[in-house]
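Asks:
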Amino acid sequence: MADKIPGAGRKRPQLNIPLNQLLVDNENPRLAEQYMGKEEEEILSVLYEQFDLEEIAFSMVSNGYFDEEPIVVVPINLPAEFDETQYQDVNDLQNYLEQLTQESNLQFRVLEGNRRTATAKLLTDAKLRAKIGVTEDFPAIDNPIVTEDLKQIPAIVYLNEEDVSPYLGIRHISGNLRWEAFAKAVYLAKLIEKESSSKNISLNESIQSVRKIIPDRTDSIKKQYTAYKILKELRSNYNFNVKQIRNRFSLVTEITNKPDLRQYLNIENYNKIDLSNDVINDDNSDKFVQVFTWVFGNGNDIEPLFKDSRLIGKRLGPILADETATEHLIKHGNIEEAYERSGGEEKFFNKQLYEAQRKIENSLTIAYKFKGKQDSIKQANDLLEAVNALNENLK
Numbered sequence: 021m022a023d024k025i026p027g028a029g030r031k032r033p034q035l036n037i038p039l040n041q042l043l044v045d046n047e048n049p050r051l052a053e054q055y056m057g058k059e060e061e062e063i064l065s066v067l068y069e070q071f072d073l074e075e076i077a078f079s080m081v082s083n084g085y086f087d088e089e090p091i092v093v094v095p096i097n098l099p100a101e102f103d104e105t106q107y108q109d110v111n112d113l114q115n116y117l118e119q120l121t122q123e124s125n126l127q128f129r130v131l132e133g134n135r136r137t138a139t140a141k142l143l144t145d146a147k148l149r150a151k152i153g154v155t156e157d158f159p160a161i162d163n164p165i166v167t168e169d170l171k172q173i174p175a176i177v178y179l180n181e182e183d184v185s186p187y188l189g190i191r192h193i194s195g196n197l198r199w200e201a202f203a204k205a206v207y208l209a210k211l212i213e214k215e216s217s218s219k220n221i222s223l224n225e226s227i228q229s230v231r232k233i234i235p236d237r238t239d240s241i242k243k244q245y246t247a248y249k250i251l252k253e254l255r256s257n258y259n260f261n262v263k264q265i266r267n268r269f270s271l272v273t274e275i276t277n278k279p280d281l282r283q284y285l286n287i288e289n290y291n292k293i294d295l296s297n298d299v300i301n302d303d304n305s306d307k308f309v310q311v312f313t314w315v316f317g318n319g320n321d322i323e324p325l326f327k328d329s330r331l332i333g334k335r336l337g338p339i340l341a342d343e344t345a346t347e348h349l350i351k352h353g354n355i356e357e358a359y360e361r362s363g364g365e366e367k368f369f370n371k372q373l374y375e376a377q378r379k380i381e382n383s384l385t386i387a388y389k390f391k392g393k394q395d396s397i398k399q400a401n402d403l404l405e406a407v408n409a410l411n412e413n414l415k
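Residue numbering for the sequence shown follows our numbering, beginning at 21 and increasing consecutively.
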């Protein structure tokens, strides 16, 4: 018999759930990690502050909630005696859940549609708005029909969070509503580690398994998980402030994807890396902290040197491939000066001579304008002395 597939049945129970029985997801991959597991009110505050709820609010105060866009939820306090196998017909299951929702305090965690749910809660609860400091320019409902409409939200009900994973993966990992890089990595890491733990398989085997759930290339999943693992190790083992990396998370993959940088950091390519061990260890931790500080800053008093991501490949790679250039960057923090030395000292020296010669030749074209000028004559004599000294040192 073939294994059950996530989309089997083609229909899930769909309910109109009272707004006060919906809880926004405190494990949402798009949340910063310091907010994971926090109470509802704090999560709502974060969603308001960071996720542009105003645009949804303007639509809701004018139109109410469009039933054509149900949220996706899982019940979190089903009765202990509930037995899914008793409901082979989805309509029977829907009727049971509907009755339970009306007669008890059955609550649901929102897995898809958190911004919409949060917006509806803010629009219909003045006390909540005051508590989390919603400003007066946030849209307000002036039509009681809208208020009534938002008191219940249409929702598709999944009984298990695991069954939702393929849908969220298609929608936000490889679909047209993709999450930002950090949220994708958090979500994939959660899936990979849960799959590894529940099936007692290695992380590499788990990645292959998740690949069947998430229609994305295996190497892409492994790259994102490795980048997330590096971030966790920097924070947990080396007290590195990773907060400033969140919005530039894709650069972590770029850093570990460049051969020169990998060699400097002493890590393997993705297809060889052993995820059962730490990527960062006592031998390479100083270099990791150094490179990540150059690229991201330290989140406190050190600004990133490589604010332009294009410079990571064009400048940082060649610099780290050359010992002299690397030492110069460590000592002086000057990218261009270090890059000039990245071909070796002799190449740098000859380049400096060429630049000096070119500038003198350019000066010759206008030298007649300053004939007899004592300041110019003095500078020319000083230059001549420097050239003679250089010539003597080269003999």
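The beta carbon of each residue, even a glycine, is placed where N, CA and C say it ideally should be.
All figures in this text were calculated on a predicted structure; none of them were measured in a lab.
Runs of 3 residues minimum, wholly inside the stretch 287 to 327: which ones carry the beta strand (DSSP E) assignment?
Replies: DSSP runs (the beta strand (DSSP E)) wholly in the stretch 287 to 327: none.
Asks: For Leu331 and Asn286, I'd like the C-alpha separation in whole angstroms.
Replies: Cα to Cα, the separation comes out at about 21 Å.
Asks: Per the DSSP calculation, Leu175 is bridged to which residue(s)?
Replies: Looking at the sequence shown, residue 175 is not Leu but Ala. Looking at the DSSP assignment, Ala175 forms a beta bridge with Leu35, Ile91.
Asks: Which of the three DSSP states, helix, strand or coil, is assigned to Ala400?
Replies: Ala400 falls in the helix class under three-state DSSP.
Asks: Which residues in the same chain have their Cβ closer than 8 Å to the Cβ of Thr121, if we skip the five residues on either side of it in sequence?
Replies: Hits under 8 Å: Leu35, Ile37, Pro38, Gln41.
Asks: What is the DSSP secondary structure of Val262, counted as helix, strand or coil?
Replies: Correct three-state label for Val262: coil.
Asks: Check whether the Cβ atoms of Lys242 and Tyr290 sit closer than 8 Å, and answer yes or no.
Replies: For Lys242 and Tyr290, yes; Cβs fall inside 8 Å.
Asks: Curious, which full-length beta strand (DSSP E) runs of at least 3 residues does the stretch 103 to 169 contain?
Replies: Whole beta strand (DSSP E) segments, 3+ residues: 128 to 132.
Asks: Might you give, ordered along the chain, the residues of its own chain that have their beta carbon closer than 8 Å to the beta carbon of Leu126, omitting 5 neighbours on each side?
Replies: Counting only Cβ-Cβ distances below 8 Å, and skipping sequence neighbours, we find Gln41, Pro95, Asn97, Leu98, Leu117, Leu120.
Asks: Throw me the rounded Cβ distance for the Val315 and Lys249 pair, which I believe falls under 8 Å.
Replies: Actually they do not touch by this definition, with Cβ atoms about 17 Å apart.
Asks: Given a cut-off of 8 Å, decide if Pro33 and Val110 are closer than it, judged by their beta-carbon atoms.
Replies: Going by C-beta atoms, Val110 is nearer than 8 Å to Pro33.
Asks: I need the DSSP call for Leu98, collapsed to helix, strand or coil.
Replies: Of the three classes helix, strand and coil, the one that applies to Leu98 here is coil, per DSSP.
Asks: According to DSSP, which residues form a beta bridge with Leu43?
Replies: For Leu43, which the question treats as bridged, DSSP gives the partners Arg129.
Asks: Do Tyr359 and Ala341 have their beta-carbon atoms positioned less than 8 Å apart in this structure?
Replies: Cβ distance not < 8 Å, so Ala341 and Tyr359 don't count as in contact.
Asks: Counting C-beta neighbours from all protein chains within 10 Å, is the total for Phe5 16 or more, i.e. buried, or is it exposed?
Replies: Here the chain comprises residues numbered 21 to 415, so residue 5 is not present and cannot be evaluated.
Asks: In angstroms, rounded to a whole number, what distance separates the CA positions of Gln264 and Lys210?
Replies: Those two C-alpha atoms are separated by around 21 Å.
Asks: Check whether the Cβ atoms of Ile152 and Ser65 lie closer than 8 Å to each other.
Replies: Closer than 8 Å, so yes.
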